[in-house]
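For reference, the structure is listed below as structure tokens.
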Amino acid sequence: MKSLLFLFLACLAGSAGAHEFWGEAEPFRAAPNEPVAVRLRVGEYFNGDVVPIARPQAAMLKLVHDGEEFDIRQQLPAERALPEMKLALPAEGAWMLAFDSYPSSITLPAEKFHAYLHDEGLDAIIRKREADGKQNEPGREHYRRNVKIMMRAGSQASTTHAARTGQRFEIVPAEDPTTLPAGSTLHLQLLFDGKPASGVLLKAWHRHERQVLMIRATTDAQGKTSVSLPYAGMWMLSAVHMLPAGPEAKEADWDSFWANLSFALPEK
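Its first residue numbered 685, the sequence shown is counted upward by one per residue in our numbering.
Okay, structure coming up:
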């Protein structure tokens, strides 16, 4: 499998590409029962704005820890959106927060839609639009976010990283990324509806000094790939899967699913 590495200036302006949506924890590594602030962000090139969250925005919100799941969606306010969620991780080991959004809609001009598709490795959709004679039509899309945040309480070994959350599109690491030293290779499998997602472009993002590092990798027939993570600190992995919208979709031609996984490699 081939990985490509890119560097972007941290102040680089946005392009025709789509916006990533990710989660972050402060801190990613805490003592048991120590308060942890969790935020959602949306933006480009790993620079984004905080997305306030309330119950109406969360189709699913749960904590996962060593084979147990805790539904915490009802802990969100019913109306007033919060800029962050406060959590406490009561037991040692790795913890995962899983969040799903409800579907949203967007329509893009044809040129911008094709640029976004190419940037996300969705060239098969471009070819399909061309084959159908629709390459000059606007791109009408329903999109959903499937977000994971890996956190750690204490140093106890854990199997949380390998849990399947039941999200439509998810990134499943083979190793616990909260324990890997800088310079490690992280092996991953991408699943859509529980089945391997092949030929999917995965991006791994990291801020290093005044630059943003982005590594590209593509999944094989088993939905597997790997990325080398040269630096400690926060990493964000993102991928997009798209398929034709069902006949019930009156205002969209495509359904997209945005998988995301964030974590922090421990500092020395």
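Glycine included, C-beta positions come from ideal geometry on N, C-alpha and C.
Residue closest to residue i, alpha-carbon to alpha-carbon, out of the options
i	options	result
A738	E710, Y786, A943 and P774	Y786
A782	A709, I899 and H892	A709
T862	G907, Q851 and M920	M920
Q895	G707, L766, W706 and N731	N731
K746	R757, P736 and P740	R757
Anticipated Cβ contact below 8 Å, residue i with residue j, distance rounded
i	j	result
E825	S789	7 Å
L870	L913	6 Å
A943	I855	5 Å
D807	Q851	Wrong, their Cβ atoms sit about 25 Å apart, outside the cutoff.
L766	P736	6 Å
Cα-Cα separation, residue i to residue j
i	j	result
R829	S839	30 Å
N820	H703	22 Å
E753	T902	30 Å
L724	S922	14 Å
D939	V722	28 Å
Q873	A847	12 Å
V726	M780	20 Å
G930	K952	49 Å
A772	L897	31 Å
A714	M835	8 Å
E932	M744	23 Å
K934	S842	45 Å
Same chain, Cβ closer than 7 Å to residue i, neighbours up to 5 away in sequence not counted
i	result
A775	P716, H749 and A837
E763	A738
P793	P822
Proximity test, Cβ basis, 8 Å: residue i and chain C
i	result
A808	Going by chain labels, chain C is absent from the structure shown, which holds only one protein chain.
Element boundaries [beta strand (DSSP E), containing residue i]
i	result
F783	G777 to S785
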